Structure formats: structure tokens, C-alpha cells
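J.: Following full-length UniProt numbering, the numbering of the sequence shown begins with 1 at its first residue and continues without gaps.
Note that beta-carbon positions come from the ideal geometry of N, C-alpha and C, so glycine has one too.
Here the structure is a predicted model, which is why all the values come from computation and not from measurement.
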Amino acid sequence: MTPGRSCSYAICCHNVFGSCNNGLELGPKKKLREAREVIDQVIGKYISVKREELRARGENLKEEEEQEGVDLLTSYIDNDDGETKTGLKFDDKFLRDTILNFMIVGRDRTSSGLTWFIWLVVTHPEIEKKIREELKVIIPVGEGENGGPRICLGKEVAFTQMKAVAATIIHNYHVEMVKGHEVYPNVSVILYMKHGFKVRIKRRWEN
Numbered sequence: 001m002t003p004g005r006s007c008s009y010a011i012c013c014h015n016v017f018g019s020c021n022n023g024l025e026l027g028p029k030k031k032l033r034e035a036r037e038v039i040d041q042v043i044g045k046y047i048s049v050k051r052e053e054l055r056a057r058g059e060n061l062k063e064e065e066e067q068e069g070v071d072l073l074t075s076y077i078d079n080d081d082g083e084t085k086t087g088l089k090f091d092d093k094f095l096r097d098t099i100l101n102f103m104i105v106g107r108d109r110t111s112s113g114l115t116w117f118i119w120l121v122v123t124h125p126e127i128e129k130k131i132r133e134e135l136k137v138i139i140p141v142g143e144g145e146n147g148g149p150r151i152c153l154g155k156e157v158a159f160t161q162m163k164a165v166a167a168t169i170i171h172n173y174h175v176e177m178v179k180g181h182e183v184y185p186n187v188s189v190i191l192y193m194k195h196g197f198k199v200r201i202k203r204r205w206e207n
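1. Could you pull out every residue in the same chain whose Cβ sits closer than 6 Å to the Cβ of I201, ignoring the five residues on either side in sequence?
2. How is Y192 classed by DSSP in three states: helix, strand or coil?
3. If you draw a straight line from the alpha carbon of L114 to that of L100, how long is it in whole angstroms?
4. K130: which of I170, L191, G44 sits nearest, CA to CA?
5. With 16 as the cutoff for other CB atoms within 10 Å, does L88 come out buried or exposed?
6. Taking the DSSP output, what are the residues bridged to E176?
7. Distance check for R36 and K29, CA to CA, integer angstroms please.
8. Leaving out five residues on either side along the sequence, give the residues of the same chain with a beta carbon under 7 Å from the beta carbon of G148.
9. At what residues does the alpha helix (DSSP H) containing residue 248 begin and finish?
10. Any idea which residues DSSP pairs P185 with across the strands?
11. Could you compute how far the alpha carbon of L191 sits from the alpha carbon of S111?
12. For F90 and R55, what's the separation of their Cα atoms in angstroms?
13. The alpha helix (DSSP H) that contains T123, what's its start and end?
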């Protein structure tokens with residue numbers, strides 16, 4: 001077989017097997033579909049339970065909301081005129097997408113932000129020292145991120161999580177980056193470290 005025919009044969013096989021894989025959902029596509037089904041089932045069950053809970057509370061719902069406040073899912077389900085004002089259909093699909101967004105974006109942004117923060121701290125020892133001194137008094141309140149009309153609904157929760165975790169790590173451990181490890185961002189919506197963050201960790205206190 002000539003080189004030209006070999007290339008054509010390889011391309012043809014690639015296209016055929018690629019089409020079969022797309023149609024049959026084999027390999028990674030199958031795992032992705034199965035994972036999505038599990039997520040949909042879990043979130044769907046939670047939405048159903050919340051709807052039943054709100055129905056059971058009935059007339060007492062408004063009074064309880066005024067006293068205890070409400071979670072985000074409850075506010076969406078209980079929003080009678082939401083569709084009229086926003087044009088959005090507040091159905092189970094909308095609720096599912098909203099919950100999934102909070103699960104994925106909140107987790108990834110917080111972990112990625114913490115990774116970059118720890119990297120900045122360990123590469124600037126003078127800053128690490130000042131933070132430890134401040135931790136003896138109070139953790140400073142952070143500012144910024146997503147200012148303007150499109151404010152992240154979970155911003156304050158994310159900042160609270162990040163401050164608590166960062167303070168615990170800096171106070172209890174000495175983190176040293178592995179020599180020779182290159183740190184640069186991956187090209188994506190959320191700026192992960194492309195090759196992770198390789199470190200050596202030592203306790204600052206004895207048990």
C-alpha cells in the first residue's frame with residue numbers, strides 16, 4: 001500500500017470508528033452519560049423532596065419564612081410571579097441547571113482560588129509571616145470579585161470557605177513548593193494550574 005493510500009485508509013478508519021463511537025456512546029461518552037444520569041437523579045430527588053416539604057407546610061410557609069429565612073431553592077419554587085418578571089420558566093429543568101451550576105462552579109472556583117492563593121503565599125515568605133501575625137488577632141475581610149450588577153450569589157459563602165481553609169493551612173502547616181515545578185495556568189474558563197501544585201507539607205505544631 002502506497003503512503004498516500006495508507007493515509008486515506010487511516011483517515012477513513014478514524015472517521016468510521018469515530019462515528020460508531022458517537023452513535024453507540026462508548027468509552028468516555030458512555031461514562032459521561034452515566035454520570036449525568038446519576039446527577040440528574042440526585043438533584044431531581046432533592047427538588048421533589050423540597051416541593052413536597054413546601055406543600056406540607058402549606059399556609060404556615062410564609063410565617064416560617066419571615067422568621068427563619070429561606071434557601072435559594074425554596075425562593076425559586078415559591079416565586080409565583082418569577083416567570084412574568086424574568087421571562088424564565090421556573091420548572092424542574094431550570095431548578096436542576098441552577099443547582100448543578102452552584103455545585104460545579106462553586107466547588108471549582110473555590111479550590112482553584114485557594115490553590116493560587118497558597119502558591120502566592122509560599123512564594124512570598126514575608127507575606128506568609130504577616131498573615132500569621134494577623135491570624136493571632138482576626139482574619140481580615142476580603143473584598144472584590146464579580147462587582148457590578150451580575151454579582152455572584154455565592155460570593156460571601158466562597159470567601160468564608162476560602163478564609164477558613166487558608167487560615168487553617170497557614171496557621172498549622174509550612175508549605176514548600178517542590179523545586180523545579182513550573183506553575184502556570186491552564187487555558188480554560190476557570191484558571192486551574194495546568195500541572196497541579198506540587199508541594200511538601202510539614203506540621204508547625206507537634207501533636
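T.: Looking at the coordinates:
1. For I201, the CB contacts under 6 Å within the same chain, skipping 5 residues up- and downstream, are Y173, V175 in chain order.
2. Y192 sits in coil when the DSSP states are folded into three classes, being neither helix nor strand.
3. Whole-angstrom Cα-Cα distance: 21 Å.
4. Of the listed residues, the one whose Cα sits closest to K130 is I170.
5. Within a 10 Å sphere around the beta-carbon of L88 sit fewer than 16 other beta-carbons, which makes this residue exposed.
6. E176 pairs with R200.
7. Put simply, the backbone Cα of K29 is about 10 Å away from that of R36.
8. Reliability fails at G148, whose pLDDT of 49 lies under 50, so the model's placement of it is uncertain and the value that follows must be treated cautiously. Sequence-distant Cβ neighbours of G148 in its own chain, meaning closer than 7 Å and more than five residues away, do not exist here.
9. The structure shown has nothing for residue 248, since the chain only spans 1 to 207.
10. P185 pairs with M193.
11. Taking the straight line joining both Cα atoms gives about 11 Å.
12. The straight-line gap from Cα to Cα measures roughly 17 Å.
13. Counting along the chain, T123 falls outside any alpha helix (DSSP H), and DSSP gives it neither H nor E.
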